[in-house]
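Novice: One structure is given below, represented as structure tokens, and several questions about it will come after.
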């Protein structure tokens, strides 16, 4: 599978701009957030403000087994909203599923689209909502560097109801879609894709198994470490916000893993996951996402969970990146783990902070070595080639701080064997 | 002047609910933020998306003297936007000014309203935009406990351009208005009052004098300490965000005061002031604002700057409140000033943290004693009576943690003499 992430279209900074004081940005997130245990029961009331016939998009598995689907439908029907089902969205949602869902919505005259599930159900629902009235091939709205790309400018009202604490898709305007014919996995970010309402009910995450809970925690933390370590200089308040998300996830994550029925822990973790990618942390950072890029290629080659892959790649990447910019990693060590610094560029403290971060991931049951994912060293060069084929700067490097040559990527992955 | 703050209508928690795990909330902030030095020059481009004839609302003083007004008008005209002037809005904007501005906008057929200035110009502009098509007396939209209150449901598009780092009004849906006939000062919060766009240009704050800069820093810090100390339990991520705003303001504020031309410091302080009251910090806290309530009555009786009054009241209030809840103030001492705690309820550390906070306010030139504001002890009982007359719980106490009897208010103010 080839992944194309058009990060240059998202305005990531070039290395020569990272040292500049920046603090120039635009921001908008119009999603209305409804957060709290039990809010699933408000689905009908909320959706009925936007339409009378809803396309309900799900993966179709766990939400049906655990009764969430039935509860959502009951709530909708009780508020006079007719439900049209679109189940079976894949873990990596395919453009064919998007087209299928959009066709159902069009034929049935749906006037609102609900994504109920993890990131895949929500992402598919978002793009279906835009595809309903999109002229031509919906794949053209996906940002994969093609010349005929046309971003969507309108969509049916979108409602998101996450059942996992991980993705952040419930409160942002992005979606990741795979074209199974060309094996390209890419994404779209557009204003019309922001959900009108995100109904975030931590009760829905009570049934998430320990390993997926841990992977979600790693995922959400990685969302903020990417911008923390790969963003522009001069965003001190965003640093604090990022640290706040990490500290909160590290405090409450283990409680959610130790006792899946701990509703308060589930709520705190889910709230952290919403904030980790709704833009509040990333604002003004113009960040690159090298850890995600590396992980995406790993999970394209191997059947591994996204959060598990991140858990292996992130500490290894951090050790590499800390050599170029020890002060930032020393700050991380100090503020996250309370380590004392001998001086602002204290490399030992920086490394100790990364060790502690890795130990945390290990402690919650996340893998930290490729061998735990049954990935060996046979394809390291291939992964690196794939990654820079997908995204690279003018010098052929993976964007980030620092930008990475293929050899750097191989080195990082080798250190994680 | 009588101040009425309808906090019970905003859903502040009753004392018996503070200990409950909460994490139930709704949130929405649709304002599009354009942040950065030089963004004033984009005013015309941005406003022209919303209208062709703009009511430009200002205090009329400093923005005309320092050229900001002229630059805004030039930008607007260059984009084909005609400007209708509404200058002379008072520091505490009056309902008569709102009515005057709305009349101008109606007569001139303005289709967009711009607030250029401090909180007063922006607040007045917001309410004018709602008053243009409001049936009947615009005062009825202001929330002051009157039975005939009718919140505004629509408004002309609002654009805010702050020239001070303090209020946060540029990116929220609130406005404070005074009825000069009845001497009631109250506020309105409504969805239609969120600005479409906030143009936040830190260059506009370069000319703000040292004392006003310091008062603004105290104001923004107090916005977050109120929810930090008077909000619901169980919002750990909001704690971190609040601490992030405070730490950022304490790091960059003194630099902005030491060198008013330090654009980076101005940018960081202004960004902190936006975030301090755009809802990201307060979300889920359902906070009361006792320090603001006390200060409002002081500034109703005496001609003092809002931020200066807060600077006196806040540390004195903190010493009082810390007795009832030392753990929270110990956390503040630990996380803001790095103090070590002997135990989670360490009252000594809590008090030392408050001392250090007061010393910080003193160091940036803010008053910390009532005597510095030339306020004596003659009217202490009167202030307390006025405060609880304005807002009180079922037991006649000022809401907060803990709720305050009149005698408590007197005690706090006496300790600040």
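Chains as they are written, first to last, in the working numbering: chain Y, 1 to 417; chain L, 1001 to 1417. Think of the CB as a built atom: it goes at the ideal place given N, C-alpha and C, for glycine as much as any other residue. Quick caveat, the model's predicted, so the values are computed rather than measured.
Is it the case that the Cβ atoms of residue 1090/L and residue 1048/L are separated by a distance below 8 Å?
Specialist: Their beta carbons are not under 8 Å apart, which means residue 1090/L does not touch residue 1048/L by this criterion.
Novice: Flag residue 1012/L as yes if its beta-carbon sits less than 8 Å from any beta-carbon of chain Y, otherwise no.
Specialist: Note that residue 1012/L scores 47 on pLDDT, short of 50, meaning its location in the model is unreliable; the coordinates nonetheless yield the value given after this. No, residue 1012/L lies away from the interface with chain Y (no Cβ there is under 8 Å from its Cβ).
Novice: Please list, in chain order, the chain L residues whose beta carbon lies closer than 9 Å to that of residue 33/Y.
Specialist: Simply 1025, 1026, 1027, 1028, 1283.
Novice: Cβ of residue 1337/L less than 8 Å from any chain Y Cβ?
Specialist: Chain Y contact via Cβ: absent.
Novice: Mind checking which residues open and close the beta strand (DSSP E) that includes residue 30/Y?
Specialist: Residue 30/Y -> beta strand (DSSP E) spans 25 to 35.
Novice: Checking contacts by CB at 8 Å: is residue 241/Y closer than that to chain L?
Specialist: So, interface residue.
Novice: Would residue 339/Y pass as a contact of residue 324/Y if the rule is Cβ separation under 8 Å?
Specialist: No, the Cβ-Cβ distance between residue 339/Y and residue 324/Y is not below 8 Å.
Novice: Any residues in the region 1244 to 1255 of chain L with a beta carbon nearer than 8 Å to a beta carbon of chain Y? Which ones, in chain order?
Specialist: Listed by position, the residues of the region 1244 to 1255 of chain L near chain Y (Cβ gap below 8 Å) are 1244, 1245, 1247, 1248, 1251, 1252.
Novice: Under 8 Å between C-beta atoms, does residue 1353/L make it to chain Y?
Specialist: So no, residue 1353/L is outside the interface.
Novice: For residue 61/Y, which residues of its own chain have a beta-carbon under 6 Å away from its beta-carbon, when the five flanking residues on both sides are left out?
Specialist: Counting only Cβ-Cβ distances below 6 Å, and skipping sequence neighbours, we find nothing.
Novice: Could you check whether the Cβ of residue 1413/L sits closer than 8 Å to any Cβ belonging to chain Y?
Specialist: No - not a single Cβ of chain Y is within 8 Å of the one on residue 1413/L.
Novice: So what does DSSP say about residue 38/Y, is it helix, strand or coil?
Specialist: Correct three-state label for residue 38/Y: coil.
Novice: Which residue's Cα is closest to the Cα of residue 34/Y: 208/Y, 413/Y, 199/Y?
Specialist: Considering only alpha carbons, the answer is 199/Y.
Novice: Any beta carbon from chain Y within less than 8 Å of residue 1173/L's own beta carbon?
Specialist: With 8 Å as the cut-off, residue 1173/L does not count as an interface residue toward chain Y.
Novice: Verify whether the separation of the beta carbon atoms of residue 353/Y and residue 332/Y is less than 8 Å.
Specialist: A contact, by the Cβ cut-off of 8 Å.
Novice: How many Å lie between residue 294/Y and residue 322/Y at the Cα?
Specialist: If you take the alpha carbons of residue 294/Y and residue 322/Y, they lie about 17 Å apart.
Novice: In terms of DSSP beta bridges, what is residue 100/Y paired with?
Specialist: Paired residues: none, contrary to the question.
Novice: Between which residues of its own chain and residue 113/Y is the CB-CB distance below 6 Å, once the five residues before and five after are set aside?
Specialist: Excluding residues within five positions, the ones whose Cβ falls inside 6 Å are 55, 125, 128, 129, 156, 158.
Novice: Tell me whether residue 1363/L is buried or exposed, calling it buried when 16 or more other Cβ atoms sit within 10 Å of its Cβ.
Specialist: The residue in question, residue 1363/L, is exposed, as its Cβ has fewer than 16 Cβ neighbours within 10 Å.
Novice: Looking at the structure shown, is residue 135/Y part of a helix, part of a strand, or coil, going by DSSP?
Specialist: Three-state DSSP puts residue 135/Y in coil, outside helix and strand.
Novice: Between which residues of its own chain and residue 265/Y is the CB-CB distance below 6 Å, once the five residues before and five after are set aside?
Specialist: Hits under 6 Å: 252, 255, 256.
Novice: Would you mind telling me which residues of chain L sit closer than 8 Å to residue 275/Y, beta carbon to beta carbon, in chain order?
Specialist: Going along chain L in sequence order, the residues near residue 275/Y (Cβ under 8 Å) are 1237.
Novice: So, is the C-beta of residue 1268/L closer than 8 Å to a C-beta in chain Y?
Specialist: By this cut-off, residue 1268/L is an interface position.
Novice: So if I threshold CB-CB distances at 8 Å, which residues from the region 203 to 217 of chain Y count as touching chain L?
Specialist: Per Cβ criterion, the list is empty.
Novice: Please check the pair residue 163/Y and residue 213/Y, which I expect to be a contact at CB under 8 Å, by giving their CB distance rounded to whole angstroms.
Specialist: Going by Cβ atoms, the distance from residue 163/Y to residue 213/Y rounds to 12 Å, so no, they are not a contact pair.
Novice: Nearest chain L C-beta to residue 7/Y closer than 8 Å, yes or no?
Specialist: Here the model assigns residue 7/Y a pLDDT of 36, short of 50, so the residue's position is not dependable, and the following value carries that caveat. No, no contact with chain L.
Novice: Counting only beta-carbon atoms, is residue 287/Y nearer than 8 Å to chain L?
Specialist: It does not; no Cβ of chain L falls within 8 Å.
Novice: Listed in chain order, which residues of the region 1031 to 1055 of chain L have Cβ atoms closer than 9 Å to some Cβ of chain Y?
Specialist: Here the close residues are 1031, 1032, 1033, 1034, 1035, 1036, 1037, 1038, 1039.
Novice: Whose Cβ in chain L lies nearer than 8 Å to the Cβ of residue 272/Y?
Specialist: Neighbours of residue 272/Y on chain L, chain order: 1237.
Novice: Could you compute how far the alpha carbon of residue 275/Y sits from the alpha carbon of residue 176/Y?
Specialist: Cα-Cα distance, rounded: 19 Å.
Novice: Roughly how many angstroms lie between the CA atoms of residue 984/L and residue 1174/L, to the nearest whole one?
Specialist: Coverage of chain L is limited to positions 1001 through 1417, which leaves residue 984/L absent and any answer about it impossible.
Novice: For residue 402/Y, decide whether its Cβ has a neighbour in chain L, counting only Cβ atoms nearer than 8 Å.
Specialist: With 8 Å as the cut-off, residue 402/Y does not count as an interface residue toward chain L.
Novice: Use the C-beta contact count for residue 3/Y: other C-beta atoms within 10 angstroms, 16 or more gives buried, fewer gives exposed.
Specialist: Residue confidence for residue 3/Y is low, a pLDDT of 37 falling below 50, so the modelled location carries little weight; the figure read from the coordinates is stated next. Buried, by the Cβ-count rule.
Novice: Less than 7 Å between the CB of residue 330/Y and some heavy atom of the ligand SAH, yes or no?
Specialist: Inclusion of the ligand SAH in the displayed structure is not the case, the ligand content being empty and no account of it being possible.
Novice: Under 6 Å Cβ to Cβ from residue 1082/L, same chain only, skipping five residues before and after it: list those, please.
Specialist: So the list reads 1053, once near-sequence residues are dropped.
Novice: Tell me the DSSP secondary structure of residue 364/Y in three-state form.
Specialist: Coil, per DSSP.
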